[in-house]
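Below is one structure, written out as structure tokens; comments come after it.
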Amino acid sequence: MVALLLLTLMQAPATAPAQPPPTKPAAPAPAAQAPRPRPSGNATTAALLFITDGSGRAIENVTVNVMGPVDREVKSPASGSTRVEGLRAGTYRIRFSHDKFITFEKEINWRAGTSAPEVSVTLNAAPTPPPPPAPAPAVVATPSASASAPKLPPAGAPKTVGIPEFLEKNFITNREPQKESLIGCSGTGQALLWQIREPWPGRRHESADGMLYVVAGEGRLKLGEREFTVASGAFAVVPRGTVYNLSRSGRNPLMVLAVLAGAPCAAE
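Written as structure tokens, this is what we have:
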């Protein structure tokens, strides 16, 4: 019995030691993402411009002026797009001009790192100029016609006057009711500057049409039977022979630029 038990134990296979379950390999750590490069401040691009007429056909020889961080000028080709090279980042004003089309302007903005700008414009045809006037028929002067033509006085010399500067040097005094200053004349016209403190009634020009422009101050203008309030910027036409009155309102004098057309040019 004992011998049979020993024989059984010797024939039983040896039990292998228990193995631990296999472990999964650790997942690799994600690689650090490189920072995106910033666009260089010197980056440039080329703008593509598509210039057509009302029917969609390309227009040749359009002058394209690009104004902005850099200025460019190119001519459009007979077909395809117009390419403008070397544009840096920024805002540009583009002018399209052609003698047969109405000039057009457009603004674009390009940022470095973005796609190249593309601009499509349609130009409208310029209006047809009117035909030149027909030549006037020749007039044969006769001795009687030339004799009756009025003889104009000689023209004066060109002149410019700054009204504010003139007033600083020629301002009306407190003792003067009105002050009249000749500031220019030529041929049959003259320009005067009136400064009015006290009412100026009964004004009349028999041989001159008056054009009055209020430079400063406030006041009243009476033309015939009608009376108007006038202030800086007001304008009035006084036909020759018309009686009119001028007076101020408020503390400051009324300043009037008067042009008398037809009045003889007085010496300055």
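At position 46 of the sequence shown the residue is numbered 49 (our numbering), and the sequence of numbers has no breaks.
We put the beta carbon where it would ideally sit given N, CA and C, even for glycine.
Counting only runs of 3+ residues, the beta strand (DSSP E) found wholly inside the segment 177-205 occupies 181-189 and 192-199, in chain order. Below 8 Å, enough C-beta pairs join the segment 81-97 and the segment 109-118 to call them touching: three or more.
Cβ atoms of residue 55 and residue 125 come within 8 Å of each other, at about 5 Å. Nearest neighbour of residue 100 by Cα position, chosen from 67, 84 and 82, turns out to be 67. Between the alpha carbons of residue 81 and residue 60 lies a gap of roughly 9 Å.
Here residue 105 has 126, 127 and 129 as same chain residues with Cβ atoms under 7 Å from its own Cβ, once five neighbours each way along the sequence are excluded. With at least 16 other beta carbons inside 10 angstroms of its own, residue 85 counts as buried. Annotation: residue 212 to residue 255 spans about 27 Å, alpha carbon to alpha carbon. Residue pairing from DSSP places residue 68 in a beta bridge opposite 76 and 98. Here residue 230 carries a strand assignment [DSSP, helix/strand/coil]. Residue 169: member of the alpha helix (DSSP H) spanning 166-172, first to last residue. In the structure shown, the three-state DSSP call for residue 51 is strand. Distances from the alpha-carbon of residue 204 to those of 58, 216, 78 and 224 put 224 closest.
Using a Cβ-Cβ distance cut-off of 8 Å, the segment 250-265 and the segment 187-206 are in contact, since at least three pairs of beta carbons, one from each stretch, lie closer than that value. Sequence-distant Cβ neighbours of residue 62 in its own chain, meaning closer than 8 Å and more than five residues away, are 54, 55, 56, 79, 101, 104 and 126. In the DSSP annotation of this structure, residue 92 is not part of any beta strand (DSSP E), being labelled neither H nor E.
Within the DSSP bridge table, the entry for residue 111 names 95 as partners. Using a Cβ distance threshold of 7 Å, residue 51 and residue 121 count as a contacting pair.
Spanning the alpha carbons of residue 173 and residue 208 requires a straight line of approximately 25 Å. Proximity to residue 186 across 83, 165 and 231 peaks at 165, based on C-alpha coordinates.
Annotated three-state conformation of residue 105 is strand, per DSSP.
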